[in-house]
Every structure is written in structure tokens, then in C-alpha cells.
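Undergrad: So for the sequence shown, this note's numbering puts the first residue at 1; every next one is plus one.
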Amino acid sequence: MEITTEDYRIYFEEANNTLYFRGFLRLEGMKEYQPIMNTMLEILADCSELIINLEGLEFLNSSGISMLSMFVMKVRGKEGASLAFRGSKNILWQTKSLRNLQRLMPGLTLEFI
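#1: With DSSP as the reference, please indicate the residues paired to residue 21 in a beta bridge.
#2: Terminal residues of the continuous alpha helix (DSSP H) containing residue 51?
#3: Using 8 angstroms as the threshold, is the C-beta distance between residue 105 and residue 66 below it?
#4: By DSSP's criteria, residue 26 is part of a beta bridge. Which residues make up the other side?
#5: Can you name the residues that DSSP bridges to residue 87?
#6: Given a cut-off of 8 angstroms, decide if residue 71 and residue 95 are closer than it, judged by their beta-carbon atoms.
#7: Grab me the residues of residue 69's own chain with a C-beta within less than 7 angstroms of its C-beta, minus the 5 sequence neighbours each way, in chain order.
#8: Please report the distance separating the alpha-carbon of residue 91 from that of residue 54.
#9: Any chance the stretch 1-15 sits against the stretch 35-50, with 3 or more Cβ pairs inside 8 angstroms?
#10: Checking 8 angstroms against the spacing of the C-beta atoms, do residue 64 and residue 25 come in under that value?
#11: Hey, residue 12 and residue 43: beta-carbon distance below 8 angstroms or not?
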């Protein structure tokens with residue numbers, strides 16, 4: 001699975017159950033983020049553990065943050081699902097916004113590199 005545009009790249013590495021986000025992701029509204037959400041849910045349906053690596057995602061707009069929040073809310077109800085986010089301590093939006101996801105799902109693992 002891979003989505004590549006001029007501004008961003010999203011790809012999944014099955015060997016380590018990691019979904020990588022890179023670049024600048026600024027789609028307009030939840031409707032444009034729905035294919036990404038669907039892909040994330042499909043990946044999680046095939047594995048019980050998922051790592052979302054955002055270290056290389058320099059920008060995510062509010063609609064994208066909302067999409068991640070909605071994804072976390074869907075995952076928290078899935079029995080046996082394990083979710084982790086890896087971010088960069090040098091990217092301000094990540095240090096602020098990713099901590100809020102942990103409030104939605106206390107079992108969520110956060111790691112800042």
C-alpha cells in the first residue's frame with residue numbers, strides 16, 4: 001500500500017507493521033482524508049498491532065488531526081488491537097497533538113525521537 005503525491009507519501013511496511021507518513025499533508029476536509037482512514041482501517045483489520053510513524057510528516061492540518069483522532073476512537077473499541085505513534089520531538093505540532101490522542105485511548109503508545 002502506498003500513496004504518493006508531490007506533497008506527501010504514505011506507505012506501509014508489513015515486515016514491521018509500520019505505516020509511514022512523510023511530507024506535508026494538508027487535504028481539504030474529512031472527505032478528502034477518508035481514503036487514508038479507510039486504508040488505515042484495512043491495515044489494522046489484517047494485523048492486531050500497528051505503528052504509525054509520523055517522524056517525517058512536517059505538517060498536518062486540523063482535518064488531518066481530526067482524521068487521526070477518529071481513527072484512534074475506532075481502534076480503541078477493537079478487542080486486542082495495539083496502536084503506537086512515533087513522532088519527532090523537533091516537530092511542534094506532533095508533540096502537542098499526539099498527546100491528545102493518548103487521552104482518547106490510554107493504552108496507546110507514544111514515542112518521540
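All C-beta atoms in this analysis are idealised placements derived from N, C-alpha and C, irrespective of residue type, glycine included. Remember, predicted model here, so these are calculated numbers, not experimental data.
TA: On the basis of the supplied data:
#1: In the sequence shown, residue 21 corresponds to position 21, counting from 1. Paired residue(s): 10.
#2: Position 51 of the sequence shown, counted from the first residue, corresponds to residue 51. Unbroken run through residue 51 is the beta strand (DSSP E), 49-60; no alpha helix (DSSP H).
#3: Reading the sequence shown from its first residue, position 105 is the one you call residue 105. Reading the sequence shown from its first residue, position 66 is the one you call residue 66. No, the Cβ-Cβ distance between residue 105 and residue 66 is not below 8 angstroms.
#4: Along the sequence shown, read from residue 1 onward, the residue named residue 26 stands at position 26. Bridge partners of residue 26: none, in fact.
#5: Start at 1 with the first residue of the sequence shown, and residue 87 comes out as number 87. For residue 87, which the question treats as bridged, DSSP gives the partners 112.
#6: Walking along the sequence shown from the start, residue 95 turns up at place 95. Walking along the sequence shown from the start, residue 71 turns up at place 71. Their beta carbons are not under 8 angstroms apart, which means residue 95 does not touch residue 71 by this criterion.
#7: The residue given as residue 69 occupies position 69 in the sequence shown. For residue 69, where only same-chain residues beyond five positions count, the Cβ hits under 7 angstroms are 101, 104.
#8: Here residue 91 corresponds to residue number 91 of the sequence shown, with the count starting at 1. Here residue 54 corresponds to residue number 54 of the sequence shown, with the count starting at 1. Cα to Cα, the separation comes out at about 10 angstroms.
#9: yes
#10: Working through the sequence shown from its first residue, we reach residue 64 at position 64. Working through the sequence shown from its first residue, we reach residue 25 at position 25. Yes, the Cβ-Cβ distance between residue 64 and residue 25 is below 8 angstroms.
#11: Along the sequence shown, one-based indexing puts residue 12 at 12. Along the sequence shown, one-based indexing puts residue 43 at 43. Yes; because the gap between Cβ atoms is below 8 angstroms, this pair is in contact.
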